[in-house]
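A.B. asks: The structure that follows is given in the form of structure tokens.
Numbering (the UniProt record's numbering), first residue to last: 1 to 258.
Next comes the structure, spelled out in structure tokens:
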């Protein structure tokens, strides 16, 4: 987190605090970029480690791994997609794990920044989900997927001129936008609020010769820990929502009723 704390002036945290200098002479290789790489490696390492040396009588590690896997398999994939969920399970497990780690980077003191408060990375992830559910539709239905996507069954012919463009916008344009903006807005707003509490609290706590300001600053810093806990939950919730919606889009693509 950045921001200036001084007994003489206070600069309110803003969008400039979400910008970072690049590394190795490239503006692209900034802090969020490296967090994405680290999260990618952590996801691979976690699931490879959890899947090693599995036993009939599981130990603590295997119990934890099975609990995580069953939660993702049952609540995110099976219960949302239904029959034929298996091919899409690896993607859903990976995307949930990846989003969760990047969201929780905002509460880890080594990083202190949620990667998906940069909207470009959220757009990229939403585009991947868009490709997944479009591929699911073509894989299941072939070229008929295009017709089913823009023309629901039992629509009278005289309403085609209205329904077709609306369904096209809904299925191919609006979905990835709402998927991305929901995640971005929550991560951006949550991190900005924490910055205001921490930076503002630090400023008030060090304000000279004003016990009321000092007490308010101390209270602000204490409340910031509650906000950290809240953001851990929000990070988990947003990873869950993004993954569930991705699964629902896959379900709608492969459903014969769509």
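Note that the Cβ used here is the ideal one computed from N, Cα and C, for glycine as well.
Ends of the alpha helix (DSSP H) at residue 112?
C.D. replies: Element bounds for residue 112: n/a, residue is neither H nor E.
A.B. asks: Have a look at the DSSP bridge pairing and note the partners of residue 26.
C.D. replies: Residue 26 pairs with 23.
A.B. asks: Residue 105 and residue 98 - do their beta-carbons sit closer together than 7 angstroms?
C.D. replies: No; because the gap between Cβ atoms is not below 7 angstroms, this pair is not in contact.
A.B. asks: Give me, in chain order, the residues of the same chain whose beta-carbon lies closer than 7 angstroms to that of residue 254; leave out the 5 immediate sequence neighbours on both sides.
C.D. replies: Counting only Cβ-Cβ distances below 7 angstroms, and skipping sequence neighbours, we find 84, 136, 137 and 140.
A.B. asks: Determine the closest residue to residue 202 out of 191, 216, 209 and 189, with distance taken between C-alpha atoms.
C.D. replies: It is 216.
A.B. asks: In the DSSP assignment, find the unbroken alpha helix (DSSP H) run with residue 166 in it and report its ends.
C.D. replies: Element bounds for residue 166: 160 to 168.
A.B. asks: If you count every other CB in all the chains shown that lies within 10 Å of the CB of residue 175, and 16 or more means buried, which is it?
C.D. replies: Under this definition residue 175 is a buried residue.
A.B. asks: Going by C-alpha to C-alpha distance, which of 209, 166 and 142 sits closest to residue 150?
C.D. replies: The residue with the shortest Cα to Cα distance from residue 150 is 166.
A.B. asks: Let me know if residue 88 comes out buried or exposed under the rule of 16 or more other beta-carbons within 10 Å of its beta-carbon.
C.D. replies: So residue 88 counts as buried.
A.B. asks: Taking Cβ positions, are residue 183 and residue 250 nearer each other than 7 angstroms?
C.D. replies: No, these two residues do not count as a Cβ contact at 7 angstroms.
A.B. asks: Kindly confirm or deny that the region 221 to 236 and the region 40 to 55 touch, where touching means at least three C-beta pairs closer than 8 angstroms.
C.D. replies: These segments do not touch.
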